[in-house]
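There are 2 protein chains.
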Amino acid sequence: MQDYHDRLLADLKKSMPIVIGCHCAVSYSGRAESYLDYNDCILIIKSDKTILVHQTTGNNPINYMKPGTTYTLNVADKRLLIHAEHRQLKEYMDIHVTNIYYYNAHPLAPGSTLILEGTEKDMVEAIMNKPESIEEGFKPVSTEEHTKYGFIDVFGNDTNGTLCVVECKRYTGDFKAVDQLRRYVEKIKDAKGINTVRGILACPSITPNALTMLQDFGFTHVALTPPKRLAKYNKAQTSLGDFHKS
Amino acid sequence: MQDYHDRLLADLKKSMPIVIGCHCAVSYSGRAESYLDYNDCILIIKSDKTILVHQTTGNNPINYMKPGTTYTLNVADKRLLIHAEHRQLKEYMDIHVTNIYYYNAHPLAPGSTLILEGTEKDMVEAIMNKPESIEEGFKPVSTEEHTKYGFIDVFGNDTNGTLCVVECKRYTGDFKAVDQLRRYVEKIKDAKGINTVRGILACPSITPNALTMLQDFGFTHVALTPPKRLAKYNKAQTSLGDFHKS
DNA sequence: GGGGAGAGATGCCGC
DNA sequence: GCGGCATTTCTCCCC
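Sequence order for the protein chains is A and B.
The first sequence begins at 74 in the working numbering and counts up one residue at a time.
The second sequence begins at 74 in the working numbering and counts up one residue at a time.
In structure tokens:
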């Protein structure tokens, strides 16, 4: 265990990304408090001193600390004690390691940037490029309009010149989406001193209860699905395999 | 690369948790579309066939697939091609690996359960145990009251017998919290056919804009911080070190 | 750094 | 499975 202590200390100093398969217990104190009994885990300490404690299932770490954590190491009772502390965030984590199955530290170059398409922002762009997807005669005026009660996705006029607030969701519309739309509509009415402002929720689908609430407020649901532009790009290639070989 | 192909195939068959430090490119298609150019990554494939693609910084994986993903492997042009597909979710991911820095697969026992304290649920319990923390004379009636517009954290009466809806947030109160509270209050008014229902937002702090909105609706903010019971437990021990050695 | 809101959110519980 | 909602949410953008 003393060997691992020395290696970990050196690798932390070099800001090396570290992966450890081990048997350990974890306690955390900060925004909340947690305790994890001794069990098998995968520990990942990244170059930015983020630490993730992963178990053998699930998407999310069972425990973690944010970037900028500092580490203090000790060996006692044949155990490696890792004290991870984040002073600014007033958080700490203690890991007691009894057994290490594997230990890997290897220099890794900083990552590439992910290209992501099909987000809500892409929905907004699609509406700006094709306003009739909201309804015939819709004329968008602005996007990301800032009000004191939040940011409005798309702001525009319908064919009658009535002001329209459009809120986009890439997923099934719910209460929260209707709440948000309502907040914007009310604030616009208040700010402009007018009584008639339409609320339009653009999303692929909507829950029955949210639809009821939407209609209670006199708002409209428009079925819209976020575009996935990379799909088109991939289709333009003869095949996915060829695309990647390039 | 053929050796790694064979090892990975065998380890996947055994549902072994696998960690790979490598140079790779990743493309994803499903709920959205993404492409990540060749770069250094840590790949983690868990026992439940979750895959995480981590870079050297940050809390979250840059790419991932959920539990239940199936894998198809190939070697071409000295590259290991990992095709990960989730048929139910209609998602897939392609990883092209050009270089492997380390490869680890080791049987890990299923994890322990995390004990977590200081959640919103703990706030609700604390209020039930000490109703005067909301205000003098407050009498809680129920928790998790189900309405058609959502679940009410705490429902009760003030010293005048006026109905009170209490919404708890463990973090700084914001617009969304006020929206939620408002939705419950309105629904209760509607359901009970009464005009006077008080809304109380219990949270450690509140943003200035949210406070304005709260007050516009005639609601109240009560400063409450989520309890952290493990902190007390740890204090009861002579020291944290002793606690862990037990 | 705080406020506001999206996320390929995830995860939990209830119906 | 969907619905509703918390999360040690995380992350990004903008002031």
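Even for Gly, the Cβ is constructed at its ideal location relative to N, Cα and C.
Simplified DSSP assignment, three categories, for H169/A: strand
For E164/A, which residues in the same chain have their Cβ closer than 6 Å to its Cβ, ignoring the five residues on either side in sequence? G103
Take Y77/A as the anchor and find which of V197/A, I173/A and E240/A has the nearest alpha-carbon. I173/A
Are the beta-carbon atoms belonging to S120/B and T130/A less than 7 Å from one another? yes
Under a CB-based cut-off of 7 Å, is A157/B close to chain A? no
Among D167/B, K139/B and T142/B, whose alpha-carbon lies nearest the alpha-carbon of Y111/B? D167/B
Does chain B have any CB closer than 7 Å to the CB of S319/A? Caution is warranted here: a pLDDT of 34 is assigned to S319/A, below 50, making its placement in the model unreliable, and no coordinate value can be reported.
Would you mind reading off the limits of the alpha helix (DSSP H) that contains R256/B? F248 to K265
Give me the chain A residues within the contact set of V92/B, using Cβ-Cβ distance strictly less than 9 Å, ordered along the chain. V92, G94, I115, I117, Y175 and N177
Is Q161/B buried or exposed, if buried means 16 or more other CB atoms sit within 10 Å of its CB? exposed
Just to confirm, are V197/B and C241/B a CB contact at a threshold of 7 Å? yes
Return the chain-ordered list of same chain residues with a C-beta closer than 6 Å to the C-beta of I118/B, the five sequence neighbours on each side being excluded. I91 and I124
Contacting positions in the stretch 214-245 of chain A - beta carbon closer than 9 Å to chain B: K221, Y222, G223, R243 and Y244
Give, in chain order, every unbroken run of the beta strand (DSSP E) that is at least 3 residues long and sits entirely within the stretch 185-243 of chain B. 187-190, 212-220, 223-230 and 236-241
Between R243/B and E193/B, is the Cβ-Cβ spacing less than 7 Å? yes
Taking L189/A as the query, report the chain B residues whose CB atoms sit under 8 Å from its CB, ordered along the chain. A105, E106 and S107
Can you list, in chain order, the residues of its chain with a C-beta nearer than 6 Å to that of I115/B? Leave out the 5 residues immediately preceding and following it. G94 and H127
Neighbour-count burial assignment, M201/A, 16 or more Cβ in a 10 Å radius: exposed
Could you compute how far the alpha carbon of A309/A sits from the alpha carbon of L154/B? In this prediction, A309/A scores a pLDDT of 47, lower than 50, which makes its location untrustworthy; no coordinate-derived value is stated.
Following the continuous beta strand (DSSP E) through A98/B, name the residue where it begins and the one where it ends. I91 to S102
Given this structure, state the Cα-to-Cα distance separating V99/B from Y108/B, to the nearest angstrom. 6 Å
Curious, which full-length beta strand (DSSP E) runs of at least 3 residues does the stretch 118-149 of chain A contain? 124-127, 136-138 and 143-149
Starting from Y257/B, find everything on chain A with Cβ-Cβ shorter than 8 Å and list it in chain order. Correct list: empty, because the minimum Cβ distance to chain A is about 10 Å.
Please work out which residues of its chain come closer than 6 Å, Cβ to Cβ, to A199/A, disregarding the five sequence neighbours upstream and downstream, and give them in chain order. P300
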